Amino acid sequence: MAEASSSARPYAGDLTPAEAWRRLADDPTAKLVDVRTQAEWTYVGIPDLSALGKQPLLVSWQIFPSMAQNPAFPSQVQAQGIGPQDTVLFLCRSGVRSQAAAAAMTALGHARCYNIADGFEGPPDEARHRGGRAGWKAAGLPWIQG
(Lines of atoms letter the chains of each structure in order from A and count residues from 1; the text may use other names and numbers.)
(Lines give C-alpha, C1' and ligand atoms only; values in the text may rest on other atoms or scores of the structure.)
Protein backbone atom coordinates (compact mmCIF):
# COMPACT_ATOMS: atom_id res chain seq x y z
CA MET A 1 0.00 0.00 0.00
CA ALA A 2 1.47 3.32 -0.99
CA GLU A 3 1.53 6.09 1.53
CA ALA A 4 -1.20 8.66 0.96
CA SER A 5 -0.01 12.14 0.22
CA SER A 6 -0.57 14.70 2.92
CA SER A 7 -3.01 16.53 0.61
CA ALA A 8 -5.19 13.41 0.37
CA ARG A 9 -5.40 12.80 4.13
CA PRO A 10 -5.22 14.99 7.22
CA TYR A 11 -2.18 12.96 8.40
CA ALA A 12 1.02 11.61 6.82
CA GLY A 13 -0.57 8.50 5.28
CA ASP A 14 -1.70 4.91 5.62
CA LEU A 15 0.67 1.97 6.00
CA THR A 16 -0.03 -1.72 5.71
CA PRO A 17 0.88 -3.69 8.83
CA ALA A 18 4.01 -5.02 7.05
CA GLU A 19 5.03 -1.46 6.08
CA ALA A 20 4.44 -0.37 9.69
CA TRP A 21 6.70 -3.17 10.95
CA ARG A 22 9.47 -2.11 8.55
CA ARG A 23 9.09 1.53 9.57
CA LEU A 24 9.33 0.57 13.25
CA ALA A 25 12.45 -1.49 12.48
CA ASP A 26 14.17 1.13 10.31
CA ASP A 27 13.27 4.41 12.04
CA PRO A 28 14.66 4.82 15.57
CA THR A 29 12.10 7.57 16.29
CA ALA A 30 9.13 5.44 15.16
CA LYS A 31 6.66 4.54 17.86
CA LEU A 32 3.47 2.49 17.72
CA VAL A 33 0.49 3.84 19.65
CA ASP A 34 -2.28 1.28 20.10
CA VAL A 35 -5.46 3.36 20.56
CA ARG A 36 -7.82 0.51 21.44
CA THR A 37 -9.35 -0.02 24.88
CA GLN A 38 -8.02 -1.85 27.92
CA ALA A 39 -10.51 -4.67 27.22
CA GLU A 40 -9.16 -5.10 23.68
CA TRP A 41 -5.54 -5.08 24.83
CA THR A 42 -6.31 -7.66 27.50
CA TYR A 43 -8.62 -10.04 25.65
CA VAL A 44 -7.64 -9.65 21.98
CA GLY A 45 -3.90 -9.04 22.29
CA ILE A 46 -1.29 -6.42 21.47
CA PRO A 47 1.55 -6.16 18.95
CA ASP A 48 4.78 -7.71 20.22
CA LEU A 49 7.60 -5.34 19.26
CA SER A 50 10.22 -6.98 21.49
CA ALA A 51 12.20 -8.24 18.47
CA LEU A 52 12.68 -4.57 17.57
CA GLY A 53 13.63 -3.54 21.10
CA LYS A 54 10.42 -1.53 21.36
CA GLN A 55 7.03 -1.83 22.97
CA PRO A 56 3.62 -0.53 21.92
CA LEU A 57 2.33 2.52 23.75
CA LEU A 58 -1.20 1.94 24.98
CA VAL A 59 -3.39 5.06 24.93
CA SER A 60 -7.16 4.72 24.39
CA TRP A 61 -8.77 7.00 21.80
CA GLN A 62 -12.17 6.18 23.31
CA ILE A 63 -13.13 5.30 26.85
CA PHE A 64 -14.74 1.90 27.45
CA PRO A 65 -17.63 1.16 27.98
CA SER A 66 -19.21 4.46 26.87
CA MET A 67 -16.82 4.74 23.90
CA ALA A 68 -16.80 8.52 24.33
CA GLN A 69 -13.71 10.15 22.89
CA ASN A 70 -10.92 10.40 25.46
CA PRO A 71 -10.40 14.15 26.02
CA ALA A 72 -6.98 13.48 27.57
CA PHE A 73 -5.71 11.55 24.53
CA PRO A 74 -3.25 14.19 23.24
CA SER A 75 -1.69 14.80 26.65
CA GLN A 76 -1.52 11.06 27.35
CA VAL A 77 0.27 10.47 24.03
CA GLN A 78 2.74 13.26 24.76
CA ALA A 79 3.26 11.87 28.29
CA GLN A 80 4.56 8.69 26.61
CA GLY A 81 7.55 10.72 25.40
CA ILE A 82 6.26 11.38 21.90
CA GLY A 83 7.39 14.69 20.44
CA PRO A 84 6.37 16.52 17.26
CA GLN A 85 9.48 15.23 15.45
CA ASP A 86 8.75 11.54 16.09
CA THR A 87 7.24 9.12 13.60
CA VAL A 88 4.03 7.84 15.18
CA LEU A 89 2.08 4.86 13.87
CA PHE A 90 -1.47 4.56 15.20
CA LEU A 91 -3.24 1.20 15.45
CA CYS A 92 -6.80 0.21 16.39
CA ARG A 93 -9.01 -2.80 15.63
CA SER A 94 -9.82 -1.95 12.01
CA GLY A 95 -8.12 1.33 11.12
CA VAL A 96 -10.97 3.76 11.90
CA ARG A 97 -10.11 5.03 15.39
CA SER A 98 -6.44 5.14 14.46
CA GLN A 99 -7.23 7.38 11.45
CA ALA A 100 -9.00 9.82 13.77
CA ALA A 101 -6.09 9.71 16.24
CA ALA A 102 -3.52 10.32 13.48
CA ALA A 103 -5.51 13.28 12.17
CA ALA A 104 -5.96 14.75 15.67
CA MET A 105 -2.28 14.53 16.52
CA THR A 106 -1.31 15.95 13.12
CA ALA A 107 -3.58 18.93 13.79
CA LEU A 108 -1.63 19.46 17.03
CA GLY A 109 1.68 19.74 15.17
CA HIS A 110 2.88 16.12 14.94
CA ALA A 111 3.75 15.99 11.24
CA ARG A 112 4.72 12.29 10.93
CA CYS A 113 1.54 10.50 12.04
CA TYR A 114 0.48 7.38 10.16
CA ASN A 115 -2.54 5.12 10.30
CA ILE A 116 -1.99 1.36 10.17
CA ALA A 117 -4.59 0.29 7.62
CA ASP A 118 -6.88 -2.57 8.64
CA GLY A 119 -5.67 -2.27 12.24
CA PHE A 120 -4.94 -5.19 14.51
CA GLU A 121 -7.80 -7.46 13.41
CA GLY A 122 -9.05 -6.16 10.05
CA PRO A 123 -12.59 -6.50 8.73
CA PRO A 124 -14.86 -9.40 9.64
CA ASP A 125 -15.02 -12.42 7.36
CA GLU A 126 -18.19 -14.19 6.17
CA ALA A 127 -18.61 -15.78 9.61
CA ARG A 128 -18.21 -12.33 11.24
CA HIS A 129 -14.83 -13.24 12.73
CA ARG A 130 -11.93 -10.79 12.68
CA GLY A 131 -8.22 -11.47 12.50
CA GLY A 132 -7.99 -13.75 9.47
CA ARG A 133 -8.68 -11.51 6.49
CA ALA A 134 -6.44 -8.45 6.98
CA GLY A 135 -4.63 -6.48 9.67
CA TRP A 136 -1.68 -7.05 11.99
CA LYS A 137 -2.66 -10.58 13.04
CA ALA A 138 -3.55 -11.78 9.52
CA ALA A 139 -0.21 -10.40 8.25
CA GLY A 140 1.53 -12.84 10.61
CA LEU A 141 3.24 -10.11 12.61
CA PRO A 142 4.19 -10.85 16.23
CA TRP A 143 1.58 -10.33 18.90
CA ILE A 144 0.86 -11.47 22.43
CA GLN A 145 -2.29 -12.00 24.41
CA GLY A 146 -2.66 -10.96 28.05
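For the sequence shown, position 81 matches number 80 in numbering that gives the first Met the number 0, and the numbering has no gaps at all. From the three backbone atoms N, C-alpha and C, an ideal C-beta is built for every residue, glycine too. Quick caveat, the model's predicted, so the values are computed rather than measured.
Please determine, among 143, 119, 24 and 41, the residue with the shortest C-alpha to C-alpha distance to residue 133. 119
When you compare the CB positions of residue 143 and residue 44, do they come within less than 8 Å of one another, or not? yes
Which of helix, strand or coil does DSSP assign to residue 116? coil
Would you kindly check if the distance between the Cβ of residue 38 and the Cβ of residue 63 is under 8 Å? yes
Helix, strand or coil for residue 87 per DSSP? strand
Host alpha helix (DSSP H) of residue 31 (start-end): No alpha helix (DSSP H) contains residue 31, which is instead part of the beta strand (DSSP E) from 30-33.
Within 10 angstroms of the Cβ of residue 27, are there 16 or more other Cβ atoms? Answer buried if so, exposed if not. exposed
What does the alpha-carbon distance come out to for the pair residue 123 and residue 93? 9 Å
My parser needs the alpha helix (DSSP H) runs of 4 or more residues fully inside the segment 37-96; what are they? 37-42 and 72-78
Please report how far the alpha carbon of residue 145 lies from the alpha carbon of residue 42, in whole angstroms. 6 Å
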